[in-house]
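K.L.:
In the numbering used here, the protein residues as written are 8 to 1171.
1. Using 8 Å as the Cβ pair cut-off and three pairs as the minimum, do the segment 705 to 716 and the segment 737 to 745 touch?
2. With DSSP as the reference, label residue 3 as helix, strand or coil.
3. Counting beta carbon pairs with one atom in the segment 671 to 685 and one in the segment 622 to 630, are three or more of them shorter than 8 Å?
4. With DSSP collapsed to three states, give me the class of residue 1048.
5. Residue ranges of each alpha helix (DSSP H) run of no fewer than 4 residues wholly in the segment 726 to 759, ordered along the chain?
6. Rounded to whole angstroms, what is the Cα-Cα separation between residue 65 and residue 132?
7. Among all the DSSP beta bridges, which residues are the ones paired with residue 246?
8. Excluding sequence positions up to five away, which residues of its chain have a Cβ less than 6 Å from the Cβ of residue 705?
9. Using 8 Å for Cβ pairs, my map puts residue 665 next to residue 720. What's the rounded Cβ distance?
10. Could you tell me the boundaries of the beta strand (DSSP E) in which residue 445 lies?
11. Drop a sphere of 10 angstroms on the beta-carbon of residue 1063, count the other beta-carbons inside from all chains shown, and report buried for 16 or more, exposed for fewer.
12. What would DSSP say about residue 959, mapped onto helix, strand or coil?
13. Kindly list the residues whose CB is nearer than 6 Å to the CB of residue 298, restricted to its own chain and excluding five residues on each side of it in sequence; keep chain order.
14. How close, in whole Å, do the beta carbons of residue 633 and residue 684 come, if the pair is a contact with beta carbons under 8 Å?
15. Roughly how many angstroms separate the alpha carbons of residue 218 and residue 237, rounded to a whole number?
16. Nearest-angstrom Cα distance between residue 1165 and residue 645?
17. Alpha carbons only, please: which of 1116, 1044 and 636 is nearest the one belonging to residue 1090?
18. Can you tell which of 279, 197, 321 and 198 has the C-alpha that lies nearest to the C-alpha of residue 251?
19. Buried or exposed, going by whether 16 or more other CB atoms sit within 10 Å of the CB of residue 540?
20. Quick one: grab the DSSP three-state call for residue 274.
21. In chain order, what residues of the same chain lie with their CB nearer than 6 Å to the CB of residue 85, ignoring the 5 residues before and after it?
22. Are there 16 or more other CB atoms within 10 angstroms of the CB of residue 745, so buried, or fewer, so exposed?
23. Spatial neighbours of residue 567 within its chain, please: CB distance less than 7 Å, with the 5 preceding and 5 following residues excluded, ordered by chain position.
24. Do the CB positions of residue 496 and residue 569 come within less than 8 Å of each other?
25. Buried or exposed, going by whether 16 or more other CB atoms sit within 10 Å of the CB of residue 948?
26. Just to confirm before moving on: does the CB-CB distance between residue 1101 and residue 281 stay below 8 Å?
27. Check this for me: beta carbons of residue 247 and residue 268, under 8 Å apart or not?
28. Considering residue 538, what are the terminal residues of the alpha helix (DSSP H) in which it resides?
29. Since residue 723 is in the beta strand (DSSP E), which residue starts that stretch and which ends it?
30. Does the segment 1129 to 1140 come close enough to the segment 329 to 340 that 3 or more CB-CB pairs lie under 8 Å?
31. Taking the alpha carbon of residue 1081 as the reference point, which residue from 196, 378, 323 and 393 has its own alpha carbon closest?
32. Evaluate residue 831 with the Cβ neighbour count: other Cβ atoms within 10 Å of its Cβ, from every protein chain shown; 16 or more gives buried, anything less gives exposed.
33. Whole angstroms are fine: how far does the CA of residue 471 sit from the CA of residue 1038?
34. Please classify residue 596: does DSSP put it in a helix, a strand, or coil?
35. Under the DSSP definition of a beta bridge, which residues are partnered with residue 516?
36. Tell me the residue span of the beta strand (DSSP E) that contains residue 216.
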């Protein structure tokens, strides 16, 4: 059989036909191996002198062949299928030769014969085979180009015709030509480090895109002004793919980045889980003293982008540049790292592809505090009042009504004030309800939806991508819904104008709408923190409904359900035009211009609200009169020009690349604000319909410009030894001309040891091993934030209605003495030293990356020496301080396959800590920074425990310097660390801190993320875990302590039940006092230092992709269904009333939600 197969191959080769196609044809006629042998030999044998005598009318061929065999002994091999329908013959042979008999019988039939030795083979005539082959096969000339995922040429790529001895290799431009290729042939295309492809041959000019192999160390990574293969990288760069961001019920890109990259720190701000919340972004920790600078955002090569307005579905990949050498080319714009975002592009030579994705989710709050019931609340309040020497807060009749209401004997939450002089209902500590206000103010669930659709494709000379998205997320407010919506549109177009000129257009637009109840600052204090505080401090005895069935004014529910709204609109549009020139081989030039405009508008309406009194009359709700309206808007104009050119050359084993360019960045900001009271009607909220006599009007204008020249040089020898040099020369309008310009260099080098000959013996196990190091310096002007003109003294201004001085008998506008400025104020200089290694093991299944770094920020702004008080102003800030951050980061990935199950594991782990290395604090005051301070330090007292008796208090060192009130059993006993016989904070200096010491640190240590995924037979599953390994928190305020000394600002949750009482001497919380003496027990101390480490299962997902065979019938490329859960579970020792991911302060933050979602992805 093996011999026959080889003869078949030889035969098809002799015809110049791909064997695969001939095989299909031959199988279709079910010709056996003997036919193949016969046709391969192409022999017309001469018959032997054998004679046949046979006579029969209408004989079949089978009958004739059997008779020949009997008389001659020749075996006749034939296909019954081919001869069964042939015409019968009248056989009349007398001593006829074998050849004569066969000629007569096969005359006029499409059959021929071959005689070899004692075998006769009946086959189709050669003319028939040739005709069918000619009909089946057409030959083409195939031309095309092989490119990488970025559209760049891949010289040296291999193109072979599958099953034939024909092929070609691409030239330096990635081009190839193949002649005489069968029309239905399949091309096999391959290139080292890239995934091979099989593609159908075409007569049209083909553009074949190859993607990098999944080995992480072979990835092509987007870097500043270009891209590099990761094996050539010498800096600390990490990459996230668009797949890592997909299919999660999130609003912002930053939410999906959390835990994906080591030392890319995503923090949740004061907006918490609000539907319009944004997250903080930081790379490698502290960036200054009292400042928190974010990395530079670069979107499709344009710096200064807004990551929060991006649609996650539009993103192709994200690169994170961590070290100064990698970011040096961006100069002063990137002192603390760069996030490079590449959006999706079209594909040249690709037929149009339409993709639709959606996600529908249900959201539920999972970590709200639980209030105590009203009876426990009243008893604990009374206890705290009595401990403070005050009368009980709740009287006996009210306590009885509370009990009756809880037992059902009383059905109303309060009663009318029994004093006939008061036309009101009893409330607060005179009401008897039993409400958990968190459950009232927040919904049980809300819903959100995302929809994205995109179209991409291209011709031989152009490509396009158009994507649109809609995100609709409802908040958790139970009354007066808070709602967020975002619309996104993106267009990326590229076309070849000529062979040497390519034009690209990129445009995007986003609109964000946030509609939320006005939080009524006069009633609640305003803002989300005040809102959360307002809920927590509301007594559970306060009634939600009055006995008349109407909502009570004291509940503040009207403020949300019937009050005014705050509506915010943010429109952002970006347009980029870009020209790319191919000047000569290896030399390109790029020029682009970007206009980025943002318009922000916020309107706030304060309605006057009314409540019904017991007699049926109405009264205004406090804090809602007079009504009013405010309008504020911003216009931000951002323009960027980039012009740069690159030349690269491969000279034998030496690779050289030189790039240089110029960038101009211009920002203009305008703001307008106005407000007034007394609207004619709340139905028409407008400034023009107000008649208040004290309107407020403000505006702001500022501009900032910067320019920079940059360059980069890359060299490698056989990809073994790598070198990169970069530099930036920056100038900014923020500083005066003599300190405006500075140069910032970067240098990095790498050694791919795996490419050395001596490494070959271990390369089977250690496939990749690279060592790299870098050093760079960058400038920082971000510490000035919105101060665009720090060298100008500013006059304080006061409107006539706000002054207290009379001039000429009336108030006049006034200006005040300006403060001092430091005209030599200049850049903060940051430098980073980085050492790292990349490795791959066990056939590239295991990939690791490790980096260690030191980042120093010099010339940080700090206070100048104090000036005489008679001067009447404070000293200006000057460049006189420094901070140093040290840390490391580790990434580990494993990908393998067991049977039909492919799976992957990925983990990231990072750490950093920082200290102040220079700061002008000669007294060592602990109330500010000092040299040697570890950033995040928590100073506090060492707790011994509770005092157990008056005798123990008398025998212990005096604590009266903390609080002059008597100390009793149940109060905190602090340790006398300095042994001076008294407990105090000394002079609050380094030399005399009294009995305080560093008891913890709130810097997040050992941040980690872990992802596991698996695929089997169309099913896919994924779990993502994120957390912090070590962190301390000293929490203050009523959310943590419960009683804070003021009955109107205190709260009681179920966590606060475990307190010290004579019956519970081992309670967690100390003795409560409803007075200022409560503060003696709530000092920052070791006992109540919280462990803020946590592990959170961020996302669990299960999906199924329909079989391709099924989809091919309906012309759909891919359909995937999935379900997922966001924020599934949290493991922590943190106090139960708060969320360790949200806050380390008071905890008054919009709560996070657990999301249950389902989604669909369809590609046509």
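Cβ atoms here follow ideal geometry from the backbone N, Cα and C, with glycine treated the same way.
P.N.:
On the basis of the data shown:
1. yes
2. With the chain represented from 8 up to 1171, any question about residue 3 goes unanswered, as that position is not in the structure.
3. no
4. helix
5. none
6. 24 Å
7. 326
8. 680
9. 5 Å
10. Note, residue 445: premise wrong, no beta strand (DSSP E); alpha helix (DSSP H) at 444 to 448.
11. buried
12. helix
13. 790
14. 4 Å
15. 14 Å
16. 39 Å
17. 1044
18. 321
19. buried
20. strand
21. 129
22. exposed
23. 484, 486, 487 and 524
24. no
25. buried
26. no
27. yes
28. 534 to 543
29. 703 to 724
30. no
31. 393
32. exposed
33. 48 Å
34. strand
35. 496 and 580
36. 213 to 216
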